[in-house]
Every structure is written in C-alpha cells, then in structure tokens.
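All remarks here apply to the structure that follows.
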C-alpha cells in the first residue's frame, strides 16, 4: 500500500513531476552522451596509440630502458627469430613486428631537414594500419631503398612519389653513412608535428644504412588490448625460463599522452557530473519539500490514524526513489536513442589541437556508463529525499492537522 | 455504561506563544463511559479541540494523567501511541481528510494494513463497512469523485473498520449542507446504537448537541457544565 500511495502521489502534480523528471532525464542522458563520447575518445586514442606507434607490448634487449646508449642500437636485439616464434605461438597474439627508430638528415639536393625515421617490416606495418596513405603506395616486402614520407616533410622537401631523397645518419659504429631512397608514397598520421618530420623505410634498408643486422625493438600486437597485462606476465615467465636477455613494456607504460588526455577528460567528466548531481539533488529536494508543504494535513491525517513516523519517512523516501527510478529509465532510453542517432548521423568534428584530421563524433554505449547514469538518477533522487522525508516524519500531528 | 473508556485526571495543557505560556486546558477531570454519544461544546478557544486531541493521543498534556481503556497513556512513547490510535481510536474530521490518491475502498482498508489484518479479513471488513455507510457502489471511486456527504461516509467507515473503542469527531458536519449533515448524524447515531462504540464530538452544531446523550460544555479551558440527557440514554439502552 505504501508503494501504491507513493507511486500515485508522483502523478498528483503532473507538471511538477514532469519538470523534475526532465531534470533527471537530461542529467542521466547527458551523462550517457558525454560519458559515451569520452569512452569513445579514450578507446580511439588508445587503439590509435597502440596501432600507430607502440604495439601492445615492446620487447627490448636487457639494459635498453635503463642505459643511455652511446651509439645507435647499442642495446638492439640481435636474433629475434626464436623469440618471435615463441611469442607468436600464443593464441592471444596477432603478430610481432620488428622496428628501428632513428634520426638524421634528409636532403633533396637543395635543402636538408632533420627526420624521425621508422624502419618497419612493410607487410607487418600495413597490417598495423599505422598511417593514412596520401599519395603513391605503401612500402612492400623485398624492397630496400624505398621510403614513405610524412605529409609535412614531403611538402617541405617538395617531393612526390618517384623522386629521390638522401638520408644521412650515424651507423652503429659511430661513423656517418648516407643512402638514396626512392619515395613511393606520402602519408599522414594526423599529428602535424610528427608528419612534418616522419619517414618510413623498410627494415632491410635501415639495416643497410645503419650497418647492422640488429633491430631496436620487437612490437607485439595482440588480438585484444585487454589481454595486455596477462600476456606480459606470461612472457616474463617465458623469458626467464628460456634465459632470453630481454625486458619489456606495455603500451600503457609508454603512452604518456594517452594518460594525460584520460586524466583531463576524467576531470572534466567529474566536474560536470558534480554539477549534474547538485542540480538533480536540489530539484528533487525542492519537489519533495513542495509536496510535503502541500500535503502537511494529509501527513497529519496519516499519523493520526496510526501511521508511524518511520513509515511517513519511508513514504517520501520511496516517492523520491520512484521519481529517480522513472527518471533513470527514461534517461537511459533517451540517452541510448539519442546516442545511436548521433552515431548514425556521421557528425564530423574538427581536428583536435595538434592534429590535422577531423574525426566522427561517436558515442560508445558501455554498460558501465549506462549503469552509472541510471544510478546517478536513482541514488541522487533518493538521497535528496532523505532530509525532506525526515522533516515530514517529524511534523507535529496537531499542527499538521491544523495546516491550511 | 459501567466501563470507563477515557479518564482524565487533573489534565492541563499550555501552549507557548513566543515567551508567553497560554493555558488551553486547566485542571480537567473527566470520565467517558463505554457507549456514550457525547459532545464537547463551547465557544471557539474554549479548549474543545485541544481536549479531543489529548483524548485521541494526538498530543500530550502539560500536566495530569490520561487513561485509555484503563491504561495510563500519559508517558507512552510516540510509536506506541500510534499503535493505540490505529487499534483503539477512530477519527472523523471536519474536512474528511481522505487520502486523495486512494479509492474509497483503499482509504477504508488503510488502517487495517497498519494493524496487520490479513488480506481476506480486510476485504470482508471493508466491504461490510462500505455497505454499512451505503457506499458499496462507490468503492472504486477516489475522493474527488465523491460528494461531501459520501466522503464523510468513507471517513466514518475508515474510523469504524478497525473496531475501535472510541471514535472522535471534530466538527463532522461543519462542511456539509444541513440535509446531508442530518443524514451523517443519523448514521453516526445508529452506529453508536448498534455497535456500542463510544463517540465524542467537538462541535458547535446545535443538531449534534441536541442528539448527544452527554453534553460537556467548556469555557476558558474548564468544564463549565456536564449534563446527561437521560431520556435519550434510556431510549438507546432500550433499543440495545
């Protein structure tokens, strides 16, 4: 009966309930949309960071992380065939990719610029989808003296596919070496500062230029990012058992920018969440207080005919909880539907600071976001009823019955 | 009429108005016997409603003792008083005071829920009392779909359904037209005659005062007169 009374009371003053529900629905839906947008950004940035640069895990020769190398590839990995074979046996591993990063000068005969070079295994690099091809083609296996150039650097050096550039860098012995590479394509990653300096060459070309057979690191790509820690733990055990002189890092250890973005977004999300929480609390508390004021004589009657104070308290608490429940359900529906509409609408957002390409506005509907948005509505509405409900339960019966 | 339902011993009640203490009742000694159909009369401010509130366990006296059904309830806890009200006292208000979100049936059923009466028995008792007050056909209607007289009948059924020992009615006819008021008074009188439940009214209504077996006149918080209409009492006793 108490629940029946509470439920029916919600619809007594429909206009006021509607306004309160609107606040709850907007609050919950807003949390779903903003939370979904945030999660989508986190997911996108994480996967882009992993696929573009880092891989899920990076394996190095022991000492690489703790020692400042005097010469290039001083702590490079010599023979990784055995390690690769063992790592790739793990069903959670999608592939491994050898990589060297190096720096030097790039020249077109008239002008020189510094470059950040990445030597890759062409077929593996294509699978990583680490860049967007702008002109020409990607690198292919079996080539040695071909290169891809970042969009900004290509413009600066005024090159197009078919042109030649000379790369000059320090070899592993410390001497200078230079080699001509044919530009086969230009690419962009979206990060302007990187695209203004980036080149990619086949691993064999870099080995020749650097005068070594070593690689700098072995990237491990997993099928699921969530398996990262588990795979690393297993690999560490494997490395010890086989006496491999390697050390490793996860993408999370290396993704400083990603963590900064997460920190900032979570801060903003928390701030907005707090504002929504306060608005909802004040709105629902106001509704319940108004209800109590209007129903003072009714409360007096209920108590006069034998209703105990705790039951009065429960009645108003239940009303708050029911408003929160209805608001939460409607907020979920509204947020989910509106989120899907946004996802299908293909809304393009401008490039973020430091990026050259825009991206689609997408809302990721994670169960955790839906649950927390629903909980926000239910919990805040219930919490904000506690004090008004307590006040109602403390009313003096005689005064309440005489209330006009 | 041998058992005392309510007994007041030296009851005083004062209210605070700022720093001033205003006496509402001063040294009331009163005993209401089972089955009485009594009226508290007197001008506004004489203490009728205050006395009714004390008898109904809605308020506590500043001094003195109140005994309900032989038990001293003066120092009883609020929760226990709520239980006493739910099981032993029925209330009828001037403004009917029904719960607007409940149907007539549910309004009558509500006090039984507080007393933990089984569903089957609740159904039987509510139907019995709705029939008794002539509202069987209006069981599913909400108060705003009922006339003033019908609402007061629902309130009477709600007061009686718990089988109380005492029904307190504060100006039960004040919001009704004279014809409806007379019908309600007839109904209350017949219920008193049939069930032997004690009724105590606080009223200005001459019709109620005329029909009351006992008239307690209050003035300035004191009992100014306490008269019994022996002719009416004899009639009721003979009818029983």
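Chains as they are written, first to last, in my numbering: chain W, 98 to 501; chain Y, 695 to 934.
Quick reminder that beta carbons are idealized off the backbone N, C-alpha and C, glycines included.
Bear in mind that the values here come from a model prediction, so they are computed numbers and not experimental data.
Item: Beta-carbon separation (whole angstroms), residue 262 of chain W vs residue 204 of chain W, contact threshold 8 Å; Value: 7 Å
Item: Between the CA atoms of residue 490 of chain W and residue 407 of chain W - distance to the nearest angstrom; Value: 7 Å
Item: Beta-carbon contacts of residue 695 of chain Y that lie in its chain and below 6 Å, excluding the five residues immediately before and after; Value: Bear in mind that a pLDDT of 43 at residue 695 of chain Y, under 50, signals an unreliable position, so the model cannot answer this.
Item: Residue-chain proximity (residue 695 of chain Y, chain W), Cβ-Cβ < 8 Å; Value: Unreliable positioning characterises residue 695 of chain Y in this predicted model, as indicated by a pLDDT of 43, which lies under 50. A coordinate reading is not provided.
Item: Distance CB(residue 837 of chain Y)-CB(residue 784 of chain Y) smaller than 8 Å; Value: no
Item: Which listed residue (Y:776, Y:824 and Y:731) has its alpha carbon closest to that of residue 797 of chain Y; Value: Y:824
Item: Residue 462 of chain W in three-state terms, based on DSSP; Value: coil
Item: Beta-carbon spacing of residue 230 of chain W, residue 346 of chain W below 8 Å; Value: no
Item: CB of residue 210 of chain W within 8 Å of CB of residue 276 of chain W, strictly; Value: no
Item: CB contact below 8 Å: residue 785 of chain Y versus chain W; Value: yes
Item: Pairwise C-alpha distance: residue 389 of chain W and residue 110 of chain W; Value: 12 Å
Item: Contact residues within the segment 866-887 of chain Y, judged by C-beta distance below 7 Å to chain W; Value: none
Item: Pick from W:212, W:259 and W:249 that is closest to residue 235 of chain W, judged by C-alpha positions; Value: W:259
Item: Reduced DSSP category for residue 423 of chain W - H, G, I as helix; E, B as strand; rest coil; Value: helix
Item: 8 Å Cβ cutoff, residue 385 of chain W in contact with chain Y; Value: no
Item: Rounded straight-line distance, which links the Cα of residue 117 of chain W to that of residue 802 of chain Y; Value: 32 Å
Item: Spatial neighbours of residue 134 of chain W in its chain, beta-carbon cut-off 6 Å, leaving aside the 5 residues before and after; Value: 460
Item: Members of the segment 741-757 of chain Y that neighbour chain W once the beta carbon cut-off is set at 8 Å; Value: 747, 750, 752 and 753
Item: Residue ranges of each alpha helix (DSSP H) within the segment 272-338 of chain W, 4 or longer; Value: 289-292 and 300-307
Item: Cα-Cα separation between residue 901 of chain Y and residue 401 of chain W, rounded to whole angstroms; Value: 26 Å
Item: Any chain Y beta carbon closer than 8 Å to residue 398 of chain W; Value: yes
Item: CA nearest to the CA of residue 313 of chain W, picked from W:147, W:159, W:494 and W:131; Value: W:159
Item: Under 9 Å (Cβ pairs) to chain W, residues found in the segment 792-806 of chain Y; Value: 792, 793, 794, 795, 796, 800, 803, 804 and 805
Item: Which residues DSSP lists as bridging residue 211 of chain W, in chain order; Value: W:202
Item: is_contact[residue 124 of chain W, chain Y] using C-beta, thresh 8 Å; Value: no
Item: is_contact[residue 776 of chain Y, chain W] using C-beta, thresh 8 Å; Value: yes
Item: Segment contact flag, the segment 882-895 of chain Y with the segment 837-846 of chain Y, C-beta cutoff 8 Å, min 3 pairs; Value: no
Item: Contacts of residue 773 of chain Y in chain W (Cβ-Cβ under 7 Å); Value: 405
Item: Stretch-stretch touch, CB-based, cutoff 8 Å, three pairs: the segment 307-325 of chain W with the segment 184-192 of chain W; Value: yes
Item: Beta-ladder partner(s) of residue 786 of chain Y, from DSSP; Value: Y:863
Item: Whole-angstrom C-beta distance between residue 157 of chain W and residue 344 of chain W, which should lie under 8 Å; Value: 6 Å
Item: DSSP state of residue 819 of chain Y mapped onto helix, strand, coil; Value: helix
Item: Alpha carbon of residue 742 of chain Y to alpha carbon of residue 809 of chain Y, nearest angstrom; Value: 29 Å
Item: Integer-rounded CB distance, given that residue 307 of chain W should sit under 8 Å from residue 268 of chain W; Value: 5 Å
Item: Three-way DSSP call (helix, strand, coil) for residue 681 of chain Y in this model; Value: With chain Y running from 695 to 934 in the structure shown, residue 681 of chain Y is simply not present.
Item: Reduced DSSP secondary structure (H/G/I, E/B, other) of residue 695 of chain Y; Value: Confidence is the limiting factor: at residue 695 of chain Y the pLDDT is only 43, short of 50, which leaves the residue's position unreliable, though a coordinate-based value still follows. Reduced to three states, the DSSP call for residue 695 of chain Y is coil.
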